[in-house]
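Trainee:
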Amino acid sequence: MMAPLVALGVEGWSLALAVGLSLVGLLMSFRYKYWNSKGVFWQVAFALAVAACLAENSAITWYGHYSYSPQWGLFLGHVPLHVVLIWPLFILGEYHYLQEGLRLVPEKMGLRAAFCFVDTLLLANLIETYCVSAGLWSWRHQNCLGVPWLGAVGWGLFATAAVMFLTSREQGLLLAWHGGARHLTDVQIPAATTSAAILLLQFVYQLAVVGLELQPILPLSEELPRLLACAIVAGLWLLKGQVDWEICSVSAASLIRIFAFELA
Numbered sequence: 001m002m003a004p005l006v007a008l009g010v011e012g013w014s015l016a017l018a019v020g021l022s023l024v025g026l027l028m029s030f031r032y033k034y035w036n037s038k039g040v041f042w043q044v045a046f047a048l049a050v051a052a053c054l055a056e057n058s059a060i061t062w063y064g065h066y067s068y069s070p071q072w073g074l075f076l077g078h079v080p081l082h083v084v085l086i087w088p089l090f091i092l093g094e095y096h097y098l099q100e101g102l103r104l105v106p107e108k109m110g111l112r113a114a115f116c117f118v119d120t121l122l123l124a125n126l127i128e129t130y131c132v133s134a135g136l137w138s139w140r141h142q143n144c145l146g147v148p149w150l151g152a153v154g155w156g157l158f159a160t161a162a163v164m165f166l167t168s169r170e171q172g173l174l175l176a177w178h179g180g181a182r183h184l185t186d187v188q189i190p191a192a193t194t195s196a197a198i199l200l201l202q203f204v205y206q207l208a209v210v211g212l213e214l215q216p217i218l219p220l221s222e223e224l225p226r227l228l229a230c231a232i233v234a235g236l237w238l239l240k241g242q243v244d245w246e247i248c249s250v251s252a253a254s255l256i257r258i259f260a261f262e263l264a
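Everything in the sequence shown is counted per the UniProt record's numbering, starting at 1 for the first residue and increasing by one.
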């Protein structure tokens with residue numbers, strides 16, 4: 001199946017990435033017992049992928065604040081197939097973490113929303129940094145390492161709205177993410193400052209987890225599917241991007257979160 005796509009000019013890394021993300025989805029379908037017990041994992045994943053595809057295409061068409069490189073090769077409208085694939089992995093991984101990791105029951109809607117937003121913000125900023133460095137997409141505005149804060153905020157708002165929708169209590173978190181922070185779009189932030197802010201956010205986040213007694217220590221293996229998805233993107237950055245200390249410092253600050261899990 002891949003040979004015809006290569007003949008059409010789709011690069012090997014693009015095909016490998018699509019296959020890798022699909023395999024991560026397959027791993028999630030086996031490991032995430034909540035959705036398996038209801039027999040709806042793939043239906044939910046498909047619905048999330050369609051919603052993400054429509055949201056991204058609409059954002060690019062209406063606002064044009066970012067664009068994807070043609071080198072992705074496989075597109076659904078303005079959006080690479082790979083990006084459409086990673087959205088369900090992101091959201092279902094976060095839902096699993098909130099449900100099974102932090103033990104946040106649906107009745108704790110406000111806490112679910114808050115932790116979901118911060119989780120996604122941290123992870124999305126890392127993915128944005130890798131992919132912008134690799135030349136896979138670009139932003140008209142930027143704050144640090146070619147990435148605007150609003151890029152990660154957009155991920156956070158969409159993922160939080162999706163998780164709240166899946167919790168079947170709220171749907172109203174889709175805010176106009178270009179609104180009140182528009183004046184910050186071109187403020188340049190040093191990578192060291194960004195790393196320090198990420199570390200501070202992680203510290204406050206962990207204090208909240210401990211203070212609210214939300215979880216026993218969770219095995220790192222529970223995060224394996226999401227970590228694999230991020231590792232695939234990181235590998236793509238190493239293959240196509242420029243490795244420098246600034247991106248490495250942001251990566252290190254973001255990956256401190258691993259130590260919140262049981263490593264044994």
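All C-beta atoms in this analysis are idealised placements derived from N, C-alpha and C, irrespective of residue type, glycine included.
All values reported here derive from a predicted model rather than from experimental measurement.
#1: Reducing DSSP to helix, strand and coil, say where Y32 ends up.
#2: Given 8 angstroms as the limit, is there contact between the stretch 64-72 and the stretch 87-95, that is, 3 or more CB pairs closer than that?
#3: Could you tell me the alpha carbon to alpha carbon distance between G146 and L89, rounded to whole angstroms?
#4: May I ask which residues mark the beginning and end of the alpha helix (DSSP H) holding W137?
#5: For Y205, report the span of its alpha helix (DSSP H) as first-last.
#6: How would you write the range of the beta strand (DSSP E) that Y95 sits in, first residue to last?
#7: In terms of alpha-carbon separation, which member of G151, Y130, W13 and M164 lies closest to P106?
#8: Hey, could you find the ends of the alpha helix (DSSP H) S254 is sitting in?
#9: So, V187 versus N143, is the Cβ gap smaller than 8 angstroms?
#10: Thinking I127 and V243 are a contact (beta carbons under 8 angstroms), I'd like their distance in whole angstroms, please.
#11: Just to confirm before moving on: does the CB-CB distance between E56 and V79 stay below 8 angstroms?
#12: Output the boundary residues of the alpha helix (DSSP H) element that contains S58.
#13: For E223, is the classification buried or exposed, using 16 other Cβ atoms within 10 angstroms of its Cβ as the cut-off for buried?
#14: Which first and last residues belong to the beta strand (DSSP E) in which S221 is found?
#15: Nearest by alpha-carbon distance to L17: which of T193, L104 and G235 is it?
#16: Could you have a look at L26 and say whether DSSP puts it in helix, strand or coil?
#17: Going by DSSP, which residues form a beta bridge with C144?
Mentor: Taking the structure as given:
#1: coil
#2: no
#3: 25 angstroms
#4: Element bounds for W137: not the alpha helix (DSSP H) but the beta strand (DSSP E), W137 to W139.
#5: A191 to G211
#6: Segment L81 to H96 is the alpha helix (DSSP H) holding Y95; no beta strand (DSSP E) there.
#7: M164
#8: W245 to L255
#9: yes
#10: At roughly 16 angstroms, the Cβ-Cβ gap does not stay under 8 angstroms, so I127 and V243 are not in contact.
#11: A contact, by the Cβ cut-off of 8 angstroms.
#12: F41 to W62 is the span of the alpha helix (DSSP H), which, as asked, contains S58.
#13: Around the beta carbon of E223, 16 or more other beta carbons sit within 10 angstroms, so the residue counts as buried.
#14: That residue, S221, is in no beta strand (DSSP E); it is neither H nor E in DSSP.
#15: G235
#16: helix
#17: V147
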